[in-house]
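*Asks:* A single structure is presented below for examination.
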Amino acid sequence: MSKQETLPRKTFAIISHPDAGKTTLTEKVLLLGGGIRKAGTVKGKKSGVYATSDWMEIEKQRGISVTSSVMQLEYEGVQINILDTPGHQDFSEDTYRTLTAVDTAVMVIDGTKGIEAQTLKLFKVCKMRGIPILTFINKLDREGKEPLDLLAEIEEVLEMETYAMNWPIGMGKTLKGIYNRSDQSVEVFIEGQEHQVVSLEEAGLRDYETEKLDEDIMLLDEAGNTFSMEKVRDGKMTPVFFGSALSNFGVQGFLEQFVQLAAPPQPRQSSKGEVQPNAPQFSGFIFKIQANMNPKHRDRIAFLRICSGAFERGMDVTLARTGKRIKLAQSHQFFASERETVDTAYAGDIIGIYDSGNYQVGDTLLTGNDVFQYEELPQFPPERFAKVIAKNALKHKHFHKGLHQLVQEGTIQLYRTPYFDDYILGAVGELQYQVFEYRMKNEYNVDIELTYLPHSLARWVVEGEVTDRMTDSRKLLVKDLHERTVILFENDFTYNWFKDKYPEVKLSSGWDML
Ligand code: GDP
1 MSKQETLPRK
11 TFAIISHPDA
21 GKTTLTEKVL
31 LLGGGIRKAG
41 TVKGKKSGVY
51 ATSDWMEIEK
61 QRGISVTSSV
71 MQLEYEGVQI
81 NILDTPGHQD
91 FSEDTYRTLT
101 AVDTAVMVID
111 GTKGIEAQTL
121 KLFKVCKMRG
131 IPILTFINKL
141 DREGKEPLDL
151 LAEIEEVLEM
161 ETYAMNWPIG
171 MGKTLKGIYN
181 RSDQSVEVFI
191 EGQEHQVVSL
201 EEAGLRDYET
211 EKLDEDIMLL
221 DEAGNTFSME
231 KVRDGKMTPV
241 FFGSALSNFG
251 VQGFLEQFVQ
261 LAAPPQPRQS
271 SKGEVQPNAP
281 QFSGFIFKIQ
291 ANMNPKHRDR
301 IAFLRICSGA
311 FERGMDVTLA
321 RTGKRIKLAQ
331 SHQFFASERE
341 TVDTAYAGDI
351 IGIYDSGNYQ
361 VGDTLLTGND
371 VFQYEELPQF
381 PPERFAKVIA
391 KNALKHKHFH
401 KGLHQLVQEG
411 TIQLYRTPYF
421 DDYILGAVGE
431 LQYQVFEYRM
441 KNEYNVDIEL
451 TYLPHSLARW
461 VVEGEVTDRM
471 TDSRKLLVKD
481 LHERTVILFE
491 NDFTYNWFKD
501 KYPEVKLSSG
511 WDML
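The opening position of the sequence shown corresponds to residue 1 in UniProt numbering, with each subsequent residue numbered one higher.
Here you go:
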């Protein structure tokens, strides 16, 4: 057994709203760990690493990595795998899917703003999966919301219990330190300097600071929740940390607790029941396919989450969907831009495997004769819709081929209207349209024309019958890829109107359907 194999794994992603401090926190966490290996960069715009990579043109133009990358660090005998989740205008279905490949999420909240829209969306996916969520309330060096109010906000908006692991002493200009509830130590804040961890007595607090702290802690002890590891692991309670990523304040304390609180690789549902991570059979599923990282070749990298057993370079695996045997021989790198070859990897790890067109998002790969499939990845509700046609009608055949392949691959969702059979695309974020358009042109040589629709909600009909008479252009009736009936609503208003008018029709937003 190699050293790597004996190390426990903790695989997580950060969920946050743009500018909350995800990149800064990731950088600080990486600095604390040894043996950093990272894919591309945390975010291209800052380090400019993207310039040296040969990722698809669209990435270079925008200076971002379109798809999430994987980073690794070792900390206190634990191998931590961080999956980056793109945000901003790069938000896409991939961002959601990445969360299906992690065992823990870290929610970064800007303490001056509280819970913001994108955090909430991603939070819902974590909640649906029941994974543990650790909260880091950032920007303590700035005047923010009251810590107690922030806890109340999390409890109310996210409907989960909180447990403050540490507690701020002052904030913004008056920030003095953070008090660690488990050992009563204080990390003292001195702007621009290394922060010392000392005992409460040594912290040099003024009387009013001590009084306020005593009061707050008493309130938390008496009126707050009791810590429960079971609730944390079930995603019912979130341990909350305060700190400032930019000042590297509270980050080490957070990481120390993270390795304890984060969940190890979890068992996963499959067609043959639950698969345990320590099962000897190698198995995993593909949660993302990154296309054309090298424009000279039509290569793609499929990102595989290992769920059980060990990966060894050169091994033969079965693609469960087709039964095809594939040798995972060449170009099996962990990380996109560095193209580092990986020889072995274990349950909880993410590997990038070379794909010449075999794989689809959601595919199961495994060894041995006991072939099973991991449960389907949930379909995430798109928010932006567009009608798509080929600009040149003569390219009809290429258009269909490209459209269907890219949809199969999970690039974008596809719907059809009844009667006219129009193609309507659905995406979670704008970027998916750009990638789709780019790939149709570059890989299938088809120029497409997109006409954006005013709709913003997709709801699957799970019960009751919907007839033409009940729908119109504001409530557009379509079928998805699996011939399920879907209604595209213009907005909440038309959606609510429909629900009131036809209470017998049961609608679902997609991800709770499976
Ligand atoms: P991301 O969009 O969530 O990845 O956020 P970034 O890490 O890029 O941070 C957004 C902005 O907030 C940047 O200007 C950071 O320098 C700043 N920032 C991050 N952490 C802190 C912090 O603890 N305090 C303050 N004052 N600013 C921060």
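Ideal Cβ placement from N, Cα and C applies to all residues, glycine included.
1. Going by other Cβ atoms of all chains shown within 10 Å of its Cβ, with 16 needed for buried, is Tyr419 buried or exposed?
2. Throw me the rounded Cβ distance for the Asn445 and His398 pair, which I believe falls under 8 Å.
3. Taking the straight line between their C-alpha atoms, what separation do you get for Ala347 and Ile306?
4. Per DSSP, what kind of secondary structure is Met107 in: helix, strand or coil?
5. Can the beta-carbon of Val188 be found closer than 9 Å to that of Gly177?
6. Which residues share a DSSP beta bridge with Val347?
7. Taking a contact to mean a Cβ-Cβ separation below 9 Å, would you say Leu403 touches Tyr423 in this structure?
8. Since Tyr163 is in the beta strand (DSSP E), which residue starts that stretch and which ends it?
9. Does Ala279 come out as helix, strand or coil in the three-state DSSP assignment?
10. Name, in chain order, the residues that DSSP records as bridge partners for Leu31.
11. According to DSSP, is Lys391 helix, strand or coil?
12. Assign Tyr179 to buried or exposed, taking buried as 16 or more other Cβ atoms, counted over all protein chains shown, within 10 Å of its Cβ.
13. My guess is that Leu431 and Ile412 are in contact by the Cβ rule of under 8 Å, so how many angstroms apart are they, rounded?
14. Over what stretch of residues does the alpha helix (DSSP H) that includes Arg300 continue unbroken?
15. What are the residues that DSSP puts in a beta bridge with Phe285?
16. Can Ala20 be considered in contact with ligand 1, in the sense that its beta carbon sits closer than 8 Å to one or more heavy atoms?
17. Output the distance between the C-alpha atoms of Leu7 and Phe123, rounded to the nearest integer angstrom.
18. Buried or exposed, going by whether 16 or more other CB atoms sit within 10 Å of the CB of Met440?
19. Quick check on this structure: which residue in Phe282, Thr135, Val371 and Met160 has the alpha carbon closest to the alpha carbon of Gly250?
20. Are the beta-carbon atoms of Gln281 and Gly309 separated by less than 9 Å?
21. To the nearest angstrom, how far is the alpha carbon of Glu504 from that of Leu328?
22. Let's see if you can read the secondary structure: which residues bound the beta strand (DSSP E) around Met71?
23. Are there 16 or more other CB atoms within 10 angstroms of the CB of Arg300, so buried, or fewer, so exposed?
24. Within the continuous alpha helix (DSSP H) that includes Gly253, where are the two ends?
25. Does Ser356 pass the burial test, meaning 16 or more other C-beta atoms within 10 Å, or should it be called exposed?
26. On a Cα-Cα basis, can you pick out the residue from Glu383, Phe254 and Pro382 that is closest to Leu107?
27. Expressed to the nearest angstrom, what Euclidean distance is found between the alpha-carbon atoms of Asp370 and Gln269?
28. Which first and last residues belong to the beta strand (DSSP E) in which Ala151 is found?
29. Compare the beta carbon distance of Val125 and Thr100 with 9 Å and say whether it is the shorter of the two.
30. Do you know offhand how far Lys506's Cα is from Trp460's?
31. Any heavy atom of ligand 2 inside 8 Å of the beta-carbon of Ala263?
32. Tell me the DSSP secondary structure of Phe123 in three-state form.
33. At the level of alpha carbons, what is the spacing between Leu83 and Val102?
34. Buried or exposed: Phe493, going by 16 or more other Cβ atoms within 10 Å of its Cβ?
35. Suppose you measure from the CA of Ala203 to the CA of Glu191; what does that come to, to the nearest Å?
36. Please find out if some non-hydrogen atom of ligand 1 comes closer than 8 Å to the beta-carbon of Lys121.
*Replies:* The answer reads as follows:
1. Within the sequence shown, numbered from 1, the residue matching residue 419 stands at position 419. Here Tyr419 is exposed. Its C-beta has fewer than 16 other C-beta atoms within 10 Å.
2. On the sequence shown, position 445 is the one that residue 445 refers to. On the sequence shown, position 398 is the one that residue 398 refers to. Right, their Cβ atoms sit about 6 Å apart.
3. Translated into the one-based positions of the sequence shown, residue 347 becomes position 347. Translated into the one-based positions of the sequence shown, residue 306 becomes position 306. Approximately 5 Å, taken between the alpha carbons.
4. For the purposes of this step, residue 107 is identified with residue 107 of the sequence shown, where counting begins at 1. The answer is strand: DSSP assigns Met107 an E or B state.
5. Translated into the one-based positions of the sequence shown, residue 188 becomes position 188. Translated into the one-based positions of the sequence shown, residue 177 becomes position 177. At a Cβ-Cβ threshold of 9 Å, Val188 and Gly177 count as neighbours.
6. Counting from 1 along the sequence shown, the entry for residue 347 is found at position 347. Note that residue 347 corresponds to Ala in the displayed sequence, not to Val. Looking at the DSSP assignment, Ala347 forms no beta bridge with any residue, so it has no partner.
7. Numbered from 1 along the sequence shown, position 403 holds the residue referred to as residue 403. Numbered from 1 along the sequence shown, position 423 holds the residue referred to as residue 423. The criterion of a C-beta distance shorter than 9 Å is satisfied by Leu403 and Tyr423.
8. Taking the first residue of the sequence shown as position 1, residue 163 is located at position 163. It spans Glu161 to Ala164 - the beta strand (DSSP E) in which Tyr163 sits, taken as one unbroken run.
9. Counted from its first residue, the sequence shown places residue 279 at position 279. Here Ala279 sits in coil by DSSP.
10. Here residue 31 is taken as the residue at index 31 of the sequence shown, counted from 1. Paired residue(s): none; Leu31 is not in a bridge.
11. The residue labelled residue 391 in the question sits at position 391 within the sequence shown. In the three-state reduction of the DSSP assignment, Lys391 falls in the coil class, being assigned neither a helical nor a strand state.
12. Locating residue 179 in the sequence shown gives position 179, where the first residue counts as 1. Under the 10 Å beta carbon count, Tyr179 is surrounded by 16 or more other beta carbons and is classified as buried.
13. On the sequence shown, residue 431 is found 431 positions in, with the first residue counted as 1. On the sequence shown, residue 412 is found 412 positions in, with the first residue counted as 1. Contact doesn't hold; Cβ gap of about 10 Å is too wide.
14. Position 300 of the sequence shown, counted from the start, is the residue given in the question as residue 300. Boundaries for Arg300: no alpha helix (DSSP H) harbours it, while the beta strand (DSSP E) harbouring it runs Arg300 to Ser308, taken from the DSSP string.
15. Locating residue 285 in the sequence shown gives position 285, where the first residue counts as 1. Answer is Arg305 and Thr364.
16. Within the sequence shown, the letter at position 20 stands for residue 20. Indeed, a heavy atom of ligand 1 lies less than 8 Å from the Cβ.
17. The residue you call residue 7 lines up with position 7 of the sequence shown. The residue you call residue 123 lines up with position 123 of the sequence shown. It is roughly 29 Å from the alpha-carbon of Leu7 to the alpha-carbon of Phe123.
18. For the purposes of this step, residue 440 is taken as residue 440 along the sequence shown, with counting starting at 1. It is buried - the Cβ of Met440 has at least 16 other Cβ atoms within 10 Å.
19. Residue numbering aside, residue 250 sits at position 250 when the sequence shown is read from its first letter. When each option's Cα is compared against that of Gly250, the closest is Thr135.
20. For the purposes of this step, residue 281 is identified with residue 281 of the sequence shown, where counting begins at 1. For the purposes of this step, residue 309 is identified with residue 309 of the sequence shown, where counting begins at 1. The answer is yes: Cβ separation under 9 Å.
21. On the sequence shown, residue 504 is found 504 positions in, with the first residue counted as 1. On the sequence shown, residue 328 is found 328 positions in, with the first residue counted as 1. If you take the alpha carbons of Glu504 and Leu328, they lie about 51 Å apart.
22. Reading the sequence shown from its first residue, position 71 is the one you call residue 71. Run containing Met71: Val70 to Tyr75, per the beta strand (DSSP E) assignment.
23. Translated into the one-based positions of the sequence shown, residue 300 becomes position 300. Classification of Arg300: buried, given that the 10 Å Cβ count is 16 or more.
24. Sequence index remark: in the sequence shown, residue 253 carries index 253 (1-based). Gly253 -> alpha helix (DSSP H) spans Val251 to Leu261.
25. Working through the sequence shown from its first residue, we reach residue 356 at position 356. Result: exposed.
26. Reading the sequence shown from its first residue, position 107 is the one you call residue 107. Reading off the sequence shown, one finds Met at residue 107, where the question assumed Leu. Among Glu383, Phe254 and Pro382, the Cα nearest to that of Met107 belongs to Phe254.
27. Stepping through the sequence shown from its first residue, residue 370 is reached at position 370. Stepping through the sequence shown from its first residue, residue 269 is reached at position 269. One C-alpha to the other measures close to 15 Å.
28. Working through the sequence shown from its first residue, we reach residue 151 at position 151. Per the sequence shown, the amino acid found at residue 151 is Leu instead of Ala. Counting along the chain, Leu151 sits inside no beta strand (DSSP E); it lies in the alpha helix (DSSP H) bounded by residues Pro147 to Leu158.
29. As a first step, residue 125 is located in the sequence shown; it is residue number 125 there, counting from the start. As a first step, residue 100 is located in the sequence shown; it is residue number 100 there, counting from the start. In contact: Val125 and Thr100 (Cβ atoms closer than 9 Å).
30. In the sequence shown, counting from the first residue as 1, residue 506 sits at position 506. In the sequence shown, counting from the first residue as 1, residue 460 sits at position 460. Here the alpha carbon of Lys506 sits roughly 8 Å from the alpha carbon of Trp460.
31. Of the ligands this structure carries, namely ligand 1, none is ligand 2.
32. Numbered from 1 along the sequence shown, position 123 holds the residue referred to as residue 123. Three-state result, Phe123: helix.
33. By 1-based counting over the sequence shown, the position of residue 83 is 83. By 1-based counting over the sequence shown, the position of residue 102 is 102. Distance between the alpha carbons of Leu83 and Val102 is about 8 Å.
34. Here residue 493 is taken as the residue at index 493 of the sequence shown, counted from 1. The residue is exposed, with fewer than 16 neighbouring Cβ atoms inside 10 Å.
35. As a first step, residue 203 must be located in the sequence shown, where it is residue number 203. As a first step, residue 191 must be located in the sequence shown, where it is residue number 191. Cα to Cα, Ala203 sits roughly 15 Å from Glu191.
36. For this step, residue 121 is matched to residue 121 along the sequence shown. Lys121: no, Cβ never under 8 Å from ligand 1.
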